[in-house]
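Chemist: Numbering (this note's numbering), first residue to last: 46 to 380.
1. Helix or strand or just coil, what does DSSP make of residue 165?
2. Does chain C have any CB closer than 8 Å to the CB of residue 329?
3. If you run the structure through DSSP and keep just helix, strand and coil, what is residue 160?
4. For the region 194-208 and the region 238-247, state whether three or more C-beta atom pairs, one from each stretch, are separated by less than 8 Å.
5. Going residue by residue through the region 95-140, where are the continuous beta strand (DSSP E) segments of at least 3 residues, counting only ones entirely within it?
6. What residues are listed by DSSP as bridge partners for residue 178?
7. For residue 200, which beta-bridge partners are listed by DSSP?
8. In the DSSP output, what is residue 241 paired with across the bridge?
9. For residue 172, which three-state DSSP category applies?
10. As a quick exercise: from 144, 71, 72, 101, pick the residue whose alpha carbon is nearest that of residue 85.
11. What's the gap between the Cα of residue 268 and the Cα of residue 274?
12. Mind reading off the beta-carbon distance from residue 259 to residue 187? Whole number of angstroms is fine, and I expect it under 8 Å.
13. Could you tell me the boundaries of the alpha helix (DSSP H) in which residue 260 lies?
14. Measuring CA to CA, which of 179, 95, 120, 167 is closest to residue 152?
15. For residue 371, collect the residues of the same chain with a Cβ closer than 6 Å to its Cβ; drop the 5 residues on either side in sequence, then sort them by chain order.
16. Who are the near neighbours of residue 210 in its chain, counting only those whose CB is closer than 6 Å to its CB and skipping five residues on each side?
17. Would you report the Cα separation of residue 175 and residue 63, rounded to the nearest angstrom?
18. If you check the beta carbons only, do residue 337 and residue 266 fall under 8 Å apart?
19. So, does the region 337-348 touch the region 223-230, judging by three or more C-beta pairs under 8 Å?
20. Among the candidates 144, 248, 146, 133, whose CA atom is the shortest distance from the CA of residue 160?
21. Below 8 Å between beta carbons: does that hold for residue 124 and residue 156?
22. If distances are taken between C-alpha atoms only, which option among 302, 117, 232 comes closest to residue 320?
23. So the alpha helix (DSSP H) residue 367 belongs to, where does it begin and stop?
24. Where do the N-terminal and C-terminal ends of the alpha helix (DSSP H) with residue 324 fall, by residue?
25. Rounded to whole angstroms, what is the Cα-Cα separation between residue 135 and residue 57?
26. Starting from residue 332, follow its DSSP beta bridges and name the residues at the other end.
27. For residue 164 and residue 61, what's the separation of their Cα atoms in angstroms?
28. Do residue 150 and residue 290 have their beta-carbon atoms positioned less than 8 Å apart in this structure?
29. Determine the extent of the alpha helix (DSSP H) in which residue 227 is found, giving its start and end residues.
30. Any idea what DSSP makes of residue 146, helix, strand or coil?
31. Is it true that the CB of residue 93 sits closer than 8 Å to the CB of residue 183?
32. DSSP three-state call for residue 153: helix, strand or coil?
33. When you compare the CB positions of residue 317 and residue 309, do they come within less than 8 Å of one another, or not?
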């Protein structure tokens with residue numbers, strides 16, 4: 046996993062076990078930035094950085110210029126650090142690195158930030174590994190992000206409940222850099238050893254604790270028409286934060302799992318949560334949904350969601366906007 050691998054790399058750097066090259070690649074840019082920033086901030090002291098640290102950007106440089114920089118001898122320092130950000134924009138990077146790594150300069154620490162992409166060239170990867178560090182940063186699956194949030198906040202001496210962590214994921218998505226920025230805001234305003242509440246999130250990040258997808262699912266599971274309609278009216282007035290495709294996806298997943306639950310032989314909460322792949326504390330909504338909707342109705346609701354998705358894309362719909370489509374869907378679910 047990128048979390049464990051990045052921690053191991055940072056530990057070796059803290060122990061001054063430097064390598065001639067760090068090739069940092071992958072779709073999840075957060076871990077790439079963490080490693081590159083740590084090297085930039087910690088390998089050299091302030092006086093050494095003035096003459097021995099260079100940061101360049103892929104779109105603005107070529108490998109010939111980069112190689113000239115790498116050949117320089119450090120001034121009053123054991124090492125020089127050369128960081129290439131946005132390196133994926135450089136032409137013929139792998140070919141040039143192949144040549145450079147035949148005889149890398151031991152006094153130069155080269156950091157390549159190759160974002161949004163990863164290479165499948167095993168020969169190249171093995172060469173990097175023999176000379177230095179190859180790091181591949183895959184995106185974390187959505188169900189893994191709450192655990193990452195807990196770990197991040199623990200280092201900030203803060204705590205968060207499971208539901209509140211999932212609320213953050215639902216609103217902020219899976220981009221860790223964005224998530225970290227919002228968590229840092231909370232760390233600034235809250236005292237150490239606090240537990241982050243839904244009120245804290247509403248006050249500092251802007252996520253409504255009463256009008257969100259979790260509350261909509263709860264309202265539909267309990268057939269609470271008044272609550273459901275209040276929430277979808279809020280969504281209609283805040284389309285940017287509650288786009289219809291996201292809401293439809295959440296409802297589709299919910300009712301698909303309600304249907305799956307209805308056909309489970311062992312409906313104990315622990316087994317059902319494991320089979321459905323949902324946190325145990327959310328099971329009450331699935332259980333309630335299974336009580337209030339027959340399997341046949343669950344199938345019809347899934348079809349209704351698909352139909353509204355098509356209408357939102359213009360199929361058999363010439364005038365209804367997203368808010369009207371959502372009202373149509375909720376009415377048909379509840380009646």
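In this text, a Cβ means the ideal position worked out from N, Cα and C, and glycines have one as well.
Modeler: In this structure, then:
1. coil
2. Included in the structure is just one protein chain, with no chain C present.
3. The answer is strand: DSSP assigns residue 160 an E or B state.
4. yes
5. 98-102, 125-130
6. DSSP output for residue 178 lists 67 as bridge partner(s).
7. Paired residue(s): none; residue 200 is not in a bridge.
8. 205
9. Helix.
10. 101
11. 11 Å
12. Their Cβ separation, rounded to whole angstroms, is 14 Å, which puts residue 259 and residue 187 out of contact at 8 Å.
13. 258-266
14. 120
15. Here the set comprises 277.
16. 191, 194
17. 14 Å
18. yes
19. no
20. Check the Cα spacing between residue 160 and each of 144, 248, 146, 133: the tightest is with 133.
21. no
22. 302
23. 367-379
24. Careful: residue 324 lies outside any alpha helix (DSSP H) and carries neither H nor E.
25. Spanning the two alpha carbons is a distance of roughly 28 Å.
26. None, per the DSSP bridge assignment.
27. 28 Å
28. no
29. Counting along the chain, the alpha helix (DSSP H) containing residue 227 begins and ends at 221-234.
30. coil
31. no
32. strand
33. yes
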